[in-house]
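Q:
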Amino acid sequence: MSTRNATGETAAMLDLMHYDFMRNALTAGFLVSIACGVVGTLVVVNRLSFLAGGVAHAAYGGLGLSAFFGISPMAGTIPFSIVSSLLMGVASRRQKERSDTIIGVMWALGMAIGIILIDLKPGYFADLMSYLFGSILAVPHSSLYLMAALDCIILLIVVGLYKEFLSMSYDEEFALVSGVPVATLYYVMILLIALTVIMLIRVVGLILVIALCTIPASIAEMFTKDLRRMMAIATALGMFFTTGGLLLSYYCNLTSGATIIMVAGIFYVISFVVRSRRQNGMRQRCRDSATPRSGVTNP
Amino acid sequence: MTRPPAIEVSHVSYYFRNEAAVRDVSFSIEEGDFLGIIGPNGGGKTTLLRLILGVLKPDAGTIRLLGDHPATSRRSAGYVPQETSTNKEFPILVRDAVRMGLAAARGMGRQLTRENKTAADAMIDTVGLGALRNVTIGELSGGQRQKVLLARALVAKPKILFLDEPTASIDTTGTDEIYQHLERLNNAGTTVVLVSHNISVVSKYIKSVACINKELYFHADGKLDEATLTKTFGCPVDFVDHGVPHRVFHEHEKRHGGDRRHA
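So the sequence lines, in the order shown, correspond to chains A and B.
Per the numbering used here, the first sequence starts with residue -18, numbered consecutively.
Per the numbering used here, the second sequence starts with residue 151, numbered consecutively.
Here it is as structure tokens:
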């Protein structure tokens, strides 16, 4: 890339930053990435993506509840999601073999309740599409502060209880025996997931929250074997994906949320291929060094 | 001053759904013992271990660990789970896995101290993994991973150590190493409780033995007799004393392999 070209691009970007909505969107992307990078790492290593998806979808029931009773969306969604996430958490702990079914049922039921309640409320129109894909380009200033607060809470809890979370995630039974209160910790984690999901759905939509809670952390997991670093890398990747996706969507005139997910998804596939190749390479090297004398080549 | 038994199990039963996993089990051992719990696969060995550690709650009977309720006293216990039961894909370094052994003792929400970290490093050296401290557990062999789990349990200096099939994924040399280490610990006063389906190796080191196949037969002197083994394993066993005990093992491997093929 030539210098002139680069300066030109920088100028264009600075130009872009003059738009309030773009500045807010990029800031939102950064703030979302912190929450999703940290909580997403816990989701990925504890294999809770399905539960996160369940909480996110069931939250629509809370939205319907708010519409039905004419209260503010968060006033209905937060308690509804806390209850549904804890129920899913109980199911995944107590009924390990059947937890996916139970979560699946609650997932569908929550959405159905939401849609029916909104049907029953005459004259109320809720845009399901904006629930699914959000509108990162229309993030109000107040939401940014709320997200910053959420990030602080998450970081405070996860940094403070890092060694406990690590111990529980790696080997719950050992953690329990050694005296870590794993049950409490587990529900704290579920609540963190629920909080992250519902706060961010409002801002960037359900699909983007799930994407950013799983994709950056899974990519990070492929390239680091340290939970702390995984959280940092996932956050950085999230920031990269949201910024890249936003810019791309702006220049190509595409839906921002979907473009961010596309960027993230493409990188996921690339990293997956890179890692498989690297592993195959390693296996090949091991095989070669394991049979140096025989001279027999493996088929 | 009389010390309470290290473990006191009386009339304990535990059911999975409606099937007894452990039925009316009673035994007790003193501190300083080296107990081997042996029995066929699916005989309830691991269940019994988890009951004693308070991970599972008995449906009937009572359990005392170091004279107290397991949920309280297990903090003084070290636990080495089966290597295969842990997630080897988990992103964690050997160093951090061993430090976990001190997490609870240090206290909720508190960072490990420099001494904690030094102790963990020293324990990694003790089990012979000093060169692999900064390697991820996924890159280790099964046997090396087993040593990580051992180090993790030992770093907290437990009064009583529980091991579940500690040598299942280790070669013969590694197995001897681990048992010699356990013997040293036991001589230094640590009570050791070891679960295994491999009678041959266990019998060399243990002081007392319990055979379990739903029901439990306890021998405080550590000597096995043919009748007990037959009862426990549910089939006649060619029991040969310490000299050539491998035959016992092989007979069973064959038998179980056969069963699996039929299933």
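Just so it is clear, CB atoms sit at the ideal spot from N, CA and C, and this is done for glycine as well.
Whole angstroms are fine: how far does the CA of A:Arg256 sit from the CA of A:Ala48?
A: Rounded to the nearest angstrom, the two C-alpha atoms are 47 Å apart.
Q: For chain B, check one thing: does any of its Cβ atoms lie closer than 9 Å to the Cβ of A:Leu208?
A: With 9 Å as the cut-off, A:Leu208 counts as an interface residue toward chain B.
Q: How would you write the range of the alpha helix (DSSP H) that A:Phe31 sits in, first residue to last?
A: Ser30 to Phe50 is the span of the alpha helix (DSSP H), which, as asked, contains A:Phe31.
Q: Short of 7 Å in beta carbon distance, which residues of its chain neighbour A:Ala37, apart from the five on each side in sequence? Order them along the chain.
A: Cβ within range, chain order: Val178, Ile182, Leu187, Val190 and Ile191.
Q: Quick check: the stretch 146 to 164 of chain A against the stretch 246 to 264 of chain B, are there 3 or more CB pairs under 8 Å?
A: Counting Cβ pairs under 8 Å, three or more are found: they touch.
Q: Between the beta-carbon of B:Leu311 and the beta-carbon of B:Leu332, is there less than 9 Å?
A: Contact flag set, yes.
Q: Which runs of the beta strand (DSSP E) fall wholly inside the stretch 292 to 345 of chain B and span at least 3 residues, in chain order?
A: Segments of the beta strand (DSSP E) lying fully in the stretch 292 to 345 of chain B: 310 to 314.
Q: Which residues in chain B have a C-beta closer than 9 Å to the C-beta of A:Glu202? List them in chain order.
A: By Cβ distance, chain B contributes Glu239 and Pro241.
Q: Where does A:Asp132 land, buried or exposed, given buried means 16+ other C-beta within 10 angstroms?
A: By the 10 Å Cβ count, A:Asp132 comes out buried.
Q: Check for me: the beta strand (DSSP E) holding B:Phe414 runs from which residue to which?
A: The first residue shown for chain B is 151 and the last is 413, placing residue 414 of chain B beyond what the model contains.
Q: What does DSSP give as the partner residue(s) for B:Asp218 in the beta ladder?
A: Bridge partners of B:Asp218: B:Leu215.
Q: By the three-class DSSP mapping on this structure, what secondary structure does B:Leu185 have?
A: Strand, per DSSP.
Q: Is the Cβ of A:Gly160 closer than 9 Å to any Cβ of chain B?
A: Yes, A:Gly160 counts as interfacial toward chain B.
Q: So that I know if they touch, is there some Cβ in chain B lying closer than 9 Å to that of A:Ala213?
A: Closer than 9 Å: no.
Q: Nearest to A:Val140 by CA position, among A:Tyr168, A:Gln76 and A:Leu23, is which residue?
A: Looking at the Cα atoms, A:Leu23 is the closest of the given residues.
Q: So which of A:Gly226, A:Gly57, A:Asp81 and A:Tyr151 has the shortest CA-CA distance to A:Phe11?
A: Closest by alpha carbon: A:Gly226.
Q: State the CB to CB distance for the pair B:Val248 and B:Leu313, rounded to an integer number of angstroms; the pair is presumed to be in contact (CB under 8 Å).
A: Contact doesn't hold; Cβ gap of about 16 Å is too wide.
Q: So, is B:Ala360 buried or exposed, given that buried needs 16 or more other C-beta atoms within 10 angstroms?
A: Buried: at least 16 other Cβ atoms inside 10 Å.
Q: Across the stretch 236 to 245 of chain B and the stretch 271 to 289 of chain B, are there enough close Cβ pairs to call them in contact, namely three or more that are closer than 8 Å?
A: Result yes; three or more Cβ-Cβ pairs closer than 8 Å.
Q: What residues in the stretch 13 to 41 of chain A have a beta carbon less than 8 Å from any beta carbon of chain B?
A: Of all residues in the stretch 13 to 41 of chain A, Val26 have a Cβ within less than 8 Å of some Cβ in chain B.
Q: What residue range does the alpha helix (DSSP H) around B:Asn266 cover?
A: Start and end: Arg264 to Thr276.
Q: Alpha carbon to alpha carbon, how far is A:Gln260 from A:Thr205?
A: Approximately 14 Å between the Cα atoms of the pair.
Q: Within the chosen definition, does the stretch 151 to 171 of chain B reach the stretch 214 to 226 of chain B through at least 3 CB pairs nearer than 8 Å?
A: Result yes; three or more Cβ-Cβ pairs closer than 8 Å.
Q: State the beta-bridge partners of B:Cys361 as determined by DSSP.
A: Bridge partners of B:Cys361: B:Ile188 and B:Tyr367.
Q: Taking Cβ positions only, does B:Leu203 come closer than 9 Å to chain A?
A: It does; some Cβ of chain A falls within 9 Å.
Q: Report the three-state DSSP secondary structure of B:Ser350 (helix, strand or coil).
A: Helix at B:Ser350.
Q: Kindly indicate the opening and closing residues of the beta strand (DSSP E) around B:Val227.
A: It should be noted that the sequence gives Ala, not Val, for residue 227 of chain B. That run of the beta strand (DSSP E) goes Ala227 to Val230.
Q: Is B:Pro386 close to chain A? Criterion is C-beta to C-beta, closer than 9 Å.
A: Because B:Pro386 sits at a pLDDT of 49, beneath the cut-off of 50, its placement in the model cannot be relied upon, and the point is left open.
Q: Looking at the C-beta of B:Leu366, does it have a partner C-beta in chain A at a distance below 9 Å?
A: No, B:Leu366 lies away from the interface with chain A (no Cβ there is under 9 Å from its Cβ).
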